[in-house]
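Residue 825 is where the sequence shown starts when you use the working numbering, and the numbers rise one by one after that.
Ideal placement from N, C-alpha and C gives every residue a C-beta, glycine not left out.
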Amino acid sequence: MKYLFLFCISVSYIFANAHIFVYHRFADDRYQSANTTIKELTKQFEYFKQNDYEVVPLSKILDKLENKEKIPNKWIALTIDDAYKSFYDNGLEVFKQYNYPFSLYVYVAATDKKYGDFMTWEEIKEASKYGEIGLHSYSHSKLQTLSNEELLEDTQKAYDIFVQKTGIKPETYAYPYGEYNQSVKDTLQNQFPFRSLLNQSTGSVNSQTDIYDIPRIALVGEVNINHKLRYKTFEAELLEPMAFPKDGILKNIKAKVDPKYKSLKLYITGEGWQDVKVTNGVIDIQLNIKLKRSRTRVMIGPDVFTISNHMLNKTETTKGE
């Protein structure tokens, strides 16, 4: 009986995971790397509907997180970054047809300066009747490349204009490009009244997820939505490195995991998957790898779908990057 109880808790822990997806452009063939066709969007929504997934407002998931409550496995939240005009012109109607809520993240400078590819404030207010709206910065810079003073100025400017134009105080913030470092996270978490911060990283959400580090899976082009919904959270604390190495050399990986594991899988962007040994709940391997990307993903887990996902983002950029 004891082992059955432990088994049930283990299964519940592994599979009680909601998923949050992020879109960008809709039916805009000019930008294939960020585009979702209406046919593809409808196919995904039909999959959710036919397989009994419940698309809920992001705020409903945040309620569960704040209360440390179990999040239903079949909950999904949908987010849209940048507030491109193609969402208002092409995508919004499909969301309305399925009665699916969303969270729209506004690139404030683009809307305020009336860049042609972006929604107007009037369109954003109209869209807010059907979903939630949040901040996506003022300048859409890579935040980890800004000084703390610049970050504060950018965010405050975005916040003030957003409130002035919409009459709504944004409760959530999505990082531009999904990129940040610990300093950026600490500043946004502690200096502004955001309820939650969202990245763009493969993973799922359960009751243990950091509300200031919410993973969102990007849906672009044709995707296997069933494949995306297989991702589950694995608990692993990355001890080293804590940031992108200044010399670009990833010397080692050290992480703390459940001691019951004797081996796990490790993924590093540009290097693929490898099996690693676990000793008394610790992964500690020497690598000395020259990182190929300024945005490097480190994933750890027992399989390729049950993962702990960590992003190492280069703080300083050089010309040509």
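Can you grab the Cα-Cα spacing for the pair alanine 1042 / threonine 1026, in whole Å?
The sequence position of residue 1042 within the sequence shown is 218, counting from 1. The sequence position of residue 1026 within the sequence shown is 202, counting from 1. Approximately 8 Å, taken between the alpha carbons.
Using 10 angstroms around the beta-carbon of isoleucine 833, count the other beta-carbons present and answer buried if the total reaches 16, otherwise exposed.
Here residue 833 is taken as the residue at index 9 of the sequence shown, counted from 1. With a pLDDT of only 36 at isoleucine 833, under 50, the local geometry of the prediction cannot be trusted, and no value is derived from it.
Any 3 or more C-beta pairs closer than 8 Å across the segment 932-942 and the segment 979-999
They touch, by the three-pair rule.
Coarse secondary structure for tyrosine 908, derived from DSSP in three states
As a first step, residue 908 must be located in the sequence shown, where it is residue number 84. The answer is strand: DSSP assigns tyrosine 908 an E or B state.
Contact check, aspartate 1071 vs serine 1087 under 8 Å by CB: the rounded distance?
Along the sequence shown, one-based indexing puts residue 1071 at 247. Along the sequence shown, one-based indexing puts residue 1087 at 263. With a Cβ gap of about 30 Å, aspartate 1071 and serine 1087 do not count as contacting.
Along the alpha helix (DSSP H) that carries serine 1025, what are the first and last residues, could you check?
For the purposes of this step, residue 1025 is taken as the residue at position 201 of the sequence shown. Serine 1025 -> no alpha helix (DSSP H), and no H or E assigned at all.
Apart from the five residues on each side of it in sequence, which residues of its chain come closer than 6 Å, Cβ to Cβ, to threonine 1139?
Your numbering for residue 1139 matches position 315 in the sequence shown. So the list reads Gln968, once near-sequence residues are dropped.
Helix, strand or coil at alanine 851 according to DSSP, with G and I counted as helix:
Locating residue 851 in the sequence shown gives position 27, where the first residue counts as 1. In this structure, alanine 851 counts as coil in the three-state DSSP scheme.
What residue from Asn1048, Leu889, Lys981 and Lys953 has the CA that sits closest to tyrosine 1146's CA?
As displayed, the chain neither begins before 825 nor continues past 1145, which places residue 1146 out of reach and without an answer.
When you compare only the Cα positions, how much space is there between histidine 1134 and glutamine 1024?
One-based indexing of the sequence shown puts residue 1134 at position 310. One-based indexing of the sequence shown puts residue 1024 at position 200. Using only the alpha carbons, I get a separation of about 11 Å.
How would you label glycine 1045, buried or exposed, when you count the other beta carbons within 10 angstroms and need 16 or more for buried?
One-based indexing of the sequence shown puts residue 1045 at position 221. By the 10 Å Cβ count, glycine 1045 comes out exposed.
Tell me glutamate 1080's beta-bridge partners as DSSP assigns them.
Numbered from 1 along the sequence shown, position 256 holds the residue referred to as residue 1080. Residue identity check: residue 1080 is lysine in the sequence provided, not glutamate. DSSP output for lysine 1080 lists Glu1061 and Val1106 as bridge partner(s).
How about glycine 955 and valine 846: do their beta carbons lie closer than 9 Å?
The residue given as residue 955 occupies position 131 in the sequence shown. The residue given as residue 846 occupies position 22 in the sequence shown. No, the Cβ-Cβ distance between glycine 955 and valine 846 is not below 9 Å.
Enclosing alpha helix (DSSP H) for aspartate 936 [first to last residue]:
Here residue 936 is taken as the residue at index 112 of the sequence shown, counted from 1. Start and end: 932-936.
Thinking just about the alpha-carbon of each residue, which of Lys1056, Tyr1055, Ile895 and Lys1075 is nearest to the one in leucine 1063?
Against the sequence shown, residue 1063 aligns to sequence position 239. It is Lys1075 whose Cα lies nearest to the Cα of leucine 1063.
I believe tyrosine 929 touches aspartate 906 by the beta-carbon criterion, under 8 Å. Please report the beta-carbon distance rounded to the nearest angstrom.
The residue labelled residue 929 in the question sits at position 105 within the sequence shown. The residue labelled residue 906 in the question sits at position 82 within the sequence shown. Going by Cβ atoms, the distance from tyrosine 929 to aspartate 906 rounds to 7 Å, so yes, they are a contact pair.
Exposure label - asparagine 841; buried when at least 16 CB within 10 Å:
Locating residue 841 in the sequence shown gives position 17, where the first residue counts as 1. Buried, since its Cβ has 16 or more Cβ neighbours within 10 Å.
Find out if the Cβ-Cβ distance for the pair threonine 944, serine 961 is shorter than 9 Å.
The count along the sequence shown starts at 1 and reaches residue 944 at position 120. The count along the sequence shown starts at 1 and reaches residue 961 at position 137. Contact: no.
With the cut-off set at 9 Å, would you say lysine 1052 and isoleucine 1131 are in Cβ contact?
Residue mapping note: residue 1052 aligns to position 228 of the sequence shown, counting from 1. Residue mapping note: residue 1131 aligns to position 307 of the sequence shown, counting from 1. The criterion of a C-beta distance shorter than 9 Å is not satisfied by lysine 1052 and isoleucine 1131.
Given this structure, state the Cα-to-Cα distance separating lysine 953 from valine 880, to the nearest angstrom.
In the sequence shown, counting from the first residue as 1, residue 953 sits at position 129. In the sequence shown, counting from the first residue as 1, residue 880 sits at position 56. Using only the alpha carbons, I get a separation of about 15 Å.
C-beta contact flag for histidine 843 and asparagine 859 at 9 Å:
Position 19 of the sequence shown holds residue 843. Position 35 of the sequence shown holds residue 859. Cβ distance not < 9 Å, so histidine 843 and asparagine 859 don't count as in contact.
Would you tell me roughly how many angstroms separate the C-alpha atoms of serine 1028 and glutamate 870, rounded to the nearest one?
For the purposes of this step, residue 1028 is identified with residue 204 of the sequence shown, where counting begins at 1. For the purposes of this step, residue 870 is identified with residue 46 of the sequence shown, where counting begins at 1. Cα-Cα distance, rounded: 21 Å.
By how many angstroms is the C-alpha of alanine 1060 removed from the C-alpha of threonine 903?
Residue 903 sits at position 79 when you count from the first residue of the sequence shown. Residue 1060 sits at position 236 when you count from the first residue of the sequence shown. About 26 Å.
Give the DSSP bridge partners of tryptophan 1097, in chain order.
Locating residue 1097 in the sequence shown gives position 273, where the first residue counts as 1. According to DSSP, tryptophan 1097 bridges with Tyr1091.
DSSP three-state assignment for leucine 967, whether helix, strand or coil
Start at 1 with the first residue of the sequence shown, and residue 967 comes out as number 143. Correct three-state label for leucine 967: helix.
Is it the case that the Cβ atoms of aspartate 1209 and lysine 909 are separated by a distance below 9 Å?
Here the chain comprises residues numbered 825 to 1145, so residue 1209 is not present and cannot be evaluated.
Separation of lysine 884 from glutamate 893, as counted between CA atoms:
The count along the sequence shown starts at 1 and reaches residue 893 at position 69. The count along the sequence shown starts at 1 and reaches residue 884 at position 60. One C-alpha to the other measures close to 11 Å.
Taking all protein chains shown into account, decide if isoleucine 1109 is buried (16 or more other Cβ within 10 angstroms of its Cβ) or exposed.
Mapped onto the sequence shown, residue 1109 falls at position 285. By the C-beta density criterion, isoleucine 1109 is exposed, having fewer than 16 other C-beta atoms within 10 angstroms.
Is it true that the CB of glycine 1125 sits closer than 9 Å to the CB of lysine 1089?
Residue 1089 sits at position 265 when you count from the first residue of the sequence shown. Residue 1125 sits at position 301 when you count from the first residue of the sequence shown. For lysine 1089 and glycine 1125, yes; Cβs fall inside 9 Å.
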